[in-house]
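One structure is given here, and the rest of the page talks about it.
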Amino acid sequence: AAPAIDPEARARIEAMTADEQAAMIEGMVEGLAVRLEQDPNDIEGWLRLIRARVVMGDADQARLDLSSALTNFPAETDQCFMLQNLAAELLPPVSDSTEQ
123 AAPAIDPEAR ARIEAMTADE QAAMIEGMVE GLAVRLEQDP NDIEGWLRLI
173 RARVVMGDAD QARLDLSSAL TNFPAETDQC FMLQNLAAEL LPPVSDSTEQ
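Residue numbers (the working numbering): 123 to 222.
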């Protein structure tokens, strides 16, 4: 669930152009990515980051983030399963463009 936004902040966000809103969101996502570099054991942060990348239309970066996340959690752990389940839900398999 998204955190509650106070009415004043909501008004400022709604007054932004679409480009300004996109830049703000991108900055927040990049901030989360930097934080995860410093604290890679934050499973909830990894799940949020991967979801955000998919929502932003950057499935390739989401896959890279997934790969990074998986290096921090041993196979067969709850965290690993959570990441794999999210990937199965949000990230379609990469197709081999050489197959016809």
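We put the CB at the ideal spot given by N, CA and C, even for glycine. All of these numbers come straight from a predicted model, not from anything done at the bench.
Query: Among Gly153, Ala126 and Trp168, the one whose alpha carbon lies nearest that of Asn194; Result: Trp168
Query: Neighbourhood of Ala144 by C-beta distance below 6 angstroms, restricted to the same chain and skipping five residues each side; Result: none
Query: Buried or exposed (CB count within 10 angstroms, at least 16 for buried), Leu186; Result: exposed
Query: Own chain residues within Cβ distance below 6 angstroms of Pro162, not counting five before or after; Result: Asn194
Query: Buried/exposed call for Arg251, threshold 16 Cβ in 10 Å; Result: Because the chain in this structure spans residues 123 to 222, residue 251 falls outside the shown range and cannot be described.
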